[in-house]
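S.K.:
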Amino acid sequence: MSILDRFRLTDHVAVVTGAGRGIGAATAVALAEAGADVVISARTEGQLKEVAARIEDAGRRALVVPANLAHTDEVAGLAQQAYDAFGRLDVVVNNVGGTIPNAFLDTDVAYLEEAFHFNVATAHALSRAAVPLMLRSAGEGRQKSITSISSAMGRLAGRGYLAYGTAKAALAHWSRLAATDLNPEIRVNGVFVGSVMTSALEFVAGVPEMKSQLEEATPLGRIGEAEDIAAAVVYLASPAGKYVTGKMLEVDGGIQEPNLDLHLPDLRPDVNGA
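Counting from 1, position 61 in the sequence shown corresponds to residue 1427 in this note's numbering; the numbering is continuous, with no gaps.
(1) Considering only the alpha carbon of each residue, which of N1555, S1516, V1554 and N1625 lies closest to A1536?
(2) For L1633 and A1419, I'd like the C-alpha separation in whole angstroms.
(3) Are the CB atoms of V1486 and T1383 nearer to each other than 8 Å?
(4) With burial defined as no fewer than 16 other Cβ atoms inside 10 Å of the residue's Cβ, what is the status of S1368: buried or exposed?
(5) Figure out for me which residue from V1430, A1481 and R1508 has the closest Cα to the Cα of G1531.
(6) Using three-state DSSP, classify P1432 as helix, strand or coil.
(7) What number of angstroms, rounded off, separates the C-alpha of R1447 from the C-alpha of P1631?
(8) Spell out the partners DSSP gives E1506 in its beta bridges.
(9) For Q1622, count the other beta carbons within 10 Å of its own beta carbon; 16 or more makes it buried, fewer makes it exposed. Which is it?
(10) Could you check the C-alpha separation between T1473 and R1502 for me, to the nearest Å?
(11) Ends of the alpha helix (DSSP H) at E1616?
(12) Are V1341 and A1400 touching if we call contact CB-CB under 8 Å?
(13) Over what stretch of residues does the beta strand (DSSP E) that includes I1646 continue unbroken?
(14) Can you find the residues in the same chain that come closer than 7 Å, C-beta to C-beta, to M1500, ignoring five residues on each side of it along the sequence?
(15) For P1467, I'd like the list of residues in its chain whose CB is within less than 7 Å of its CB, leaving aside the five on either flank, ordered along the chain.
(16) In three-state DSSP terms, what is T1546?
(17) Going by DSSP, name the residue or residues bridged to W1482.
(18) Please classify Y1449 as buried or exposed, where buried requires at least 16 neighbouring CB atoms within 10 angstroms.
(19) State the Cα-Cα distance for the pair A1596 and S1541, rounded to the nearest angstrom.
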């Protein structure tokens, strides 16, 4: 097998959540270009159909499943739909997630629980449903892998990211623990993602000062592209990463501290009535 062949996923079947745009869409297309048929899911059917067309242009099959992936029963159902449509399941990419930054006193228990649910419980629901189906064709020479999209804020400390960072840190450790439970048949890894120019950062592109701040605070001097993350997922999912499990790959431009200051003020005695 040549080194390039190690990155191929010919005739594998993958599920990618949050695949209507951004990192999820780029990852679904990348997996197809590597040879996989892909089940893609998100809320907006129109966006999914556009991604499906790109998958088909790469010569692979796409199954479009519009769903509210905040509901664990809907996200878990993707595993069986993939198996029913394509007869196997090899790759899961837990991409759906996210939480809007918030000040500490505005982060109530419900907000924290919602962040954990959307970023961690959804990943667990899909993966738990997928594992028995993956094991049905284990040992046939095709890699079985689960990759979860975390965030650099899951390993760094920044003001305003308490709910988001806590949830993404939990997702990273979930990946390590799941890898231990699922060895040796299914590899489980994740990606600590830095600032990537997706819809979540569209506001930055329109504010030159903020865009410059992000770029200047990033050692590589630029904001990431969705394809940067997609390439990492292909590596982790393919035979190129067959000796990697229980690891978090940092794809963040080299940052060692947050590169976006939300300018949240210090708390003062009069803020909380003291």
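Glycine residues also receive a C-beta, built at the ideal position from the N, C-alpha and C atoms.
Fair warning: this is a prediction, and the values are worked out from it, not measured in the lab.
M.R.: To lay it out plainly:
(1) The residue you call residue 1536 lines up with position 170 of the sequence shown. The shortest Cα separation from A1536 among N1555, S1516, V1554 and N1625 belongs to S1516.
(2) Taking the first residue of the sequence shown as 1, we reach residue 1633 at position 267. Taking the first residue of the sequence shown as 1, we reach residue 1419 at position 53. Cα to Cα, L1633 sits roughly 50 Å from A1419.
(3) Taking the sequence shown and counting its residues from 1, one reaches residue 1486 at position 120. Taking the sequence shown and counting its residues from 1, one reaches residue 1383 at position 17. No, Cβ-Cβ distance for V1486 and T1383 is not below 8 Å.
(4) Taking the sequence shown and counting its residues from 1, one reaches residue 1368 at position 2. Label assigned to S1368: exposed.
(5) To locate residue 1531, count along the sequence shown from 1; it is residue 165. Out of V1430, A1481 and R1508, A1481 has the C-alpha closest to the C-alpha of G1531.
(6) For this step, residue 1432 is matched to residue 66 along the sequence shown. Here P1432 sits in strand by DSSP.
(7) Your numbering for residue 1447 matches position 81 in the sequence shown. Your numbering for residue 1631 matches position 265 in the sequence shown. It is Gln, not Arg, that sits at residue 1447 in the sequence shown. Computed Cα separation, rounded: 47 Å.
(8) Along the sequence shown, read from residue 1 onward, the residue named residue 1506 stands at position 140. DSSP output for E1506 lists no bridge partner at all.
(9) Mapped onto the sequence shown, residue 1622 falls at position 256. Around the beta carbon of Q1622, fewer than 16 other beta carbons lie within 10 angstroms, which makes this residue exposed.
(10) Along the sequence shown, one-based indexing puts residue 1473 at 107. Along the sequence shown, one-based indexing puts residue 1502 at 136. If I take the Cα positions, the gap works out to 43 Å.
(11) To locate residue 1616, count along the sequence shown from 1; it is residue 250. No alpha helix (DSSP H) holds E1616; the beta strand (DSSP E) holding it covers M1614 to V1617.
(12) As shown, the chain starts at 1367 and ends at 1640. That puts residue 1341 outside it, with no answer to give.
(13) With the chain running from 1367 to 1640 in the structure shown, residue 1646 is simply not present.
(14) For this step, residue 1500 is matched to residue 134 along the sequence shown. Here the set comprises L1455, D1456, K1510 and I1552.
(15) Taking the first residue of the sequence shown as 1, we reach residue 1467 at position 101. These residues qualify, in order along the chain: G1526, Y1527, Y1530 and L1628.
(16) The residue given as residue 1546 occupies position 180 in the sequence shown. The answer is helix: DSSP assigns T1546 an H, G or I state.
(17) To locate residue 1482, count along the sequence shown from 1; it is residue 116. Residue 1482 is actually Phe in this sequence, not Trp. Its beta-bridge partners do not exist; DSSP assigns none.
(18) Looking up residue 1449 in the sequence shown gives position 83. By the neighbour-count rule (16 or more Cβ atoms within 10 Å), Y1449 is buried.
(19) The residue labelled residue 1596 in the question sits at position 230 within the sequence shown. The residue labelled residue 1541 in the question sits at position 175 within the sequence shown. If I take the Cα positions, the gap works out to 18 Å.
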